[in-house]
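For the sequence shown, the working numbering begins at 5 and goes up steadily by one. Cβ coordinates follow ideal geometry from the N, Cα and C atoms, glycine included. Beneath this line is the structure, given in structure tokens, with notes to follow.
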Amino acid sequence: MSRNKAQNSLHEFDDFEREILLPHKFSQNGPALAIGDADNDGLDDFYIGGAKNQASVLLLQKEDGRFNSVQQPIWNMDKIHEDVAADFFDADGDGDLDLYVVSGGNEEEEQNEYYRDRFYKNTGKGVFVRVMEAIPENHISGSCVTAADFDNDGALDIVHVNGWGEVRDSNYRQQSMRFFHNTNPEALVFEERANEIGLDDRGQGRGIACFDADRDGFLDIVINNNDDNNIVLYRNQTDNGNHYLTVKLNGTGNNQLGVGARITLASEKGTQIRELGGTNNYVSHNPLEAHFGLGSATTADIIVRWPDGSETMTSNVNVDQLVTISQ
Ligand SMILES: [Ca+2]
Ligand SMILES: [Ca+2]
Ligand SMILES: [Ca+2]
Ligand SMILES: [Ca+2]
Numbered sequence: 005m006s007r008n009k010a011q012n013s014l015h016e017f018d019d020f021e022r023e024i025l026l027p028h029k030f031s032q033n034g035p036a037l038a039i040g041d042a043d044n045d046g047l048d049d050f051y052i053g054g055a056k057n058q059a060s061v062l063l064l065q066k067e068d069g070r071f072n073s074v075q076q077p078i079w080n081m082d083k084i085h086e087d088v089a090a091d092f093f094d095a096d097g098d099g100d101l102d103l104y105v106v107s108g109g110n111e112e113e114e115q116n117e118y119y120r121d122r123f124y125k126n127t128g129k130g131v132f133v134r135v136m137e138a139i140p141e142n143h144i145s146g147s148c149v150t151a152a153d154f155d156n157d158g159a160l161d162i163v164h165v166n167g168w169g170e171v172r173d174s175n176y177r178q179q180s181m182r183f184f185h186n187t188n189p190e191a192l193v194f195e196e197r198a199n200e201i202g203l204d205d206r207g208q209g210r211g212i213a214c215f216d217a218d219r220d221g222f223l224d225i226v227i228n229n230n231d232d233n234n235i236v237l238y239r240n241q242t243d244n245g246n247h248y249l250t251v252k253l254n255g256t257g258n259n260q261l262g263v264g265a266r267i268t269l270a271s272e273k274g275t276q277i278r279e280l281g282g283t284n285n286y287v288s289h290n291p292l293e294a295h296f297g298l299g300s301a302t303t304a305d306i307i308v309r310w311p312d313g314s315e316t317m318t319s320n321v322n323v324d325q326l327v328t329i330s331q
């Protein structure tokens, strides 16, 4: 133990104080990881969350394939939190990826400020500011998160499940899972509606995937819990008449599913972006297809920017279908 401690003495957080048989030091970064083109230069970047008292880091990719570590003051300010999951998504529809980070762990009493999630708005070019008033206040130890448009109104909503169960004297499952409905993207207003719409799972979440299980045009949710109710499926029964498009890609070469592609869709609902395959809903993943809610729009134009930089444009696509776009 003492040898390991000496080898890692440069690091502030010492795994070996807590888990003395660990062969390597694991706990400074992650498990939160989000992948996306944060600065809109065509190259994918990484956000890697920090463990408790470790600042998270934004790694911006350079032309030569190396990454610059961007230590913005905001990440340092929030290092008290233990980042468990993160998702890049364009919350306000302004064409850049914003960021939601889940705070979790079990090192503080339940309901502690330490467990409060954070929302960061991208001000352009990968510079983020924290906008806490955008999301409903919650102090639940969380795990998985994903953003998707569950009511097909063109605005991305957030679904988010609990992290821990009962540990020592704390019961971290005082509340059911969260659903933050994006009611005003331009003004960044999310409202908590989970109980109202029947999302009541209180499990110890380990995985979440949002996909249209029955292909009725509305995204369903499957949750994997480290618990008795280990698989929970919520079927979306919304019937509001809003239209949608689901896009799959057929790339050339080895990357046939188009992992890393950015899909931009323009309709009368405005312009929306998705990045394919870069999601990490904690230990889970959405399917390799992009779902767009379109409101009353009946056609859309789609631009795919493939990972090699080439583009494919498809115009006047009829809504309410799954389309496959080939490179
Ligand atoms: Ca980039
Ligand atoms: Ca944005
Ligand atoms: Ca929505
Ligand atoms: Ca469905």
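*Kindly indicate which three-state DSSP category A89 falls into: helix, strand or coil?*
Taking the sequence shown and counting its residues from 1, one reaches residue 89 at position 85. Strand, per DSSP.
May I have the straight-line CA-CA distance separating R239 from I225, to the nearest angstrom?
Position 235 of the sequence shown, counted from the start, is the residue given in the question as residue 239. Position 221 of the sequence shown, counted from the start, is the residue given in the question as residue 225. Straight-line Cα distance between these residues: approximately 7 Å.
(request) Considering only heavy atoms of ligand 2, list every residue whose Cβ is less than 6 Å from one of them, following chain order. (result) D94, A95, D96, D98, D100, D102 and N126
* Asked: Counting pairs of beta carbons, one from the segment 203 to 212 and one from the segment 227 to 234, are three or more of them closer than 8 Å?
  -> yes
Per the contact definition of three or more C-beta pairs closer than 8 Å, is the segment 123 to 130 in contact with the segment 42 to 61? Three or more pairs of CB atoms, one per stretch, sit closer than 8 Å, so the segment 42 to 61 contacts the segment 123 to 130.
- May I ask whether a heavy atom of ligand 3 can be found less than 6 Å away from the beta carbon of N186? Looking up residue 186 in the sequence shown gives position 182. Correct: N186 has its Cβ closer than 6 Å to ligand 3.
Problem - Strand pairing of V165, partner residues [DSSP] - result: Reading the sequence shown from its first residue, position 161 is the one you call residue 165. Answer is none; V165 lacks a bridge partner.
Quiz prompt | Close Cβ partners of V287 (< 6 Å) along its chain, the five nearest in sequence each way excluded | solution = Position 283 of the sequence shown holds residue 287. Around V287: R210 and G211.
Next on the checklist: Any heavy atom of ligand 5 closer than 6 Å to the beta-carbon of D45?
Outcome noted: As for ligand 5, it is missing from this structure, which binds only ligand 1, ligand 2, ligand 3 and ligand 4.
- Task: Buried or exposed for N175, please, with buried defined as at least 16 other CB atoms from any protein chain shown within 10 angstroms of its CB.
- Result: The sequence position of residue 175 within the sequence shown is 171, counting from 1. With fewer than 16 Cβ atoms within 10 Å of its Cβ, N175 is classed as exposed.
Alpha carbon of S73 to alpha carbon of N322, nearest angstrom = Here residue 73 refers to the residue found at position 69 when the sequence shown is read from its first residue. Here residue 322 refers to the residue found at position 318 when the sequence shown is read from its first residue. Answer to the nearest angstrom: the Cα atoms are 42 Å apart.
Beta carbon of D18 nearer than 7 Å to that of L26 | Stepping through the sequence shown from its first residue, residue 18 is reached at position 14. Stepping through the sequence shown from its first residue, residue 26 is reached at position 22. No.
At 3 residues or longer, and completely inside the segment 230 to 260: list those beta strand (DSSP E) runs for me, N to C. Counting only runs of 3 or more, we get 235 to 238 and 247 to 254.
Whole angstroms is fine: what's the gap from I139's alpha carbon to V193's?
Position 135 of the sequence shown holds residue 139. Position 189 of the sequence shown holds residue 193. Going by the C-alpha atoms only, they are around 7 Å apart.
### Message
In the DSSP assignment, the beta strand (DSSP E) including P35 goes from what residue to what residue?
### Response
The sequence position of residue 35 within the sequence shown is 31, counting from 1. Here the beta strand (DSSP E) through P35 covers N33 to G40.
For this session: With DSSP as the reference, label E272 as helix, strand or coil.
Result: For the purposes of this step, residue 272 is identified with residue 268 of the sequence shown, where counting begins at 1. Note: E272 maps to coil in three-state DSSP.
- Item | beta strand (DSSP E) runs wholly inside the segment 103 to 191, at least 3 long, in chain order | 122 to 126, 132 to 134, 146 to 152, 161 to 166 and 182 to 188
Q) Just checking, does the segment 201 to 210 make contact with the segment 145 to 157 on the three C-beta pairs under 8 Å criterion? A) yes
**Request:** Kindly indicate the opening and closing residues of the beta strand (DSSP E) around D305.
**Result:** As a first step, residue 305 must be located in the sequence shown, where it is residue number 301. Element bounds for D305: T303 to R309.
Same chain, Cβ closer than 6 Å to E4, neighbours up to 5 away in sequence not counted: Here the chain comprises residues numbered 5 to 331, so residue 4 is not present and cannot be evaluated.
Problem set entry | Short Cβ contact (7 Å threshold) for D96 with A151 | Here residue 96 refers to the residue found at position 92 when the sequence shown is read from its first residue. Here residue 151 refers to the residue found at position 147 when the sequence shown is read from its first residue. Going by C-beta atoms, D96 is not nearer than 7 Å to A151.
Pick out every residue whose C-beta is nearer than 6 Å to a heavy atom of ligand 4: which are they, in chain order? D216, A217, D218, D220, F222, D224 and N240
Bounding residues of the beta strand (DSSP E) (the contiguous stretch that carries N199)
On the sequence shown, residue 199 is found 195 positions in, with the first residue counted as 1. It is not in any beta strand (DSSP E) - N199 carries neither H nor E in the DSSP assignment.
**Asked** Does at least one heavy atom of ligand 3 sit under 6 Å from the Cβ of A59?
**Response** Locating residue 59 in the sequence shown gives position 55, counting from the first residue. Distances between the C-beta of A59 and the heavy atoms of ligand 3 are all 6 Å or more.
query = With distances taken from each beta carbon to the nearest heavy atom of ligand 3, which residues come in below 5 Å, in chain order?
reply = D153, D155, D157, A159 and D161
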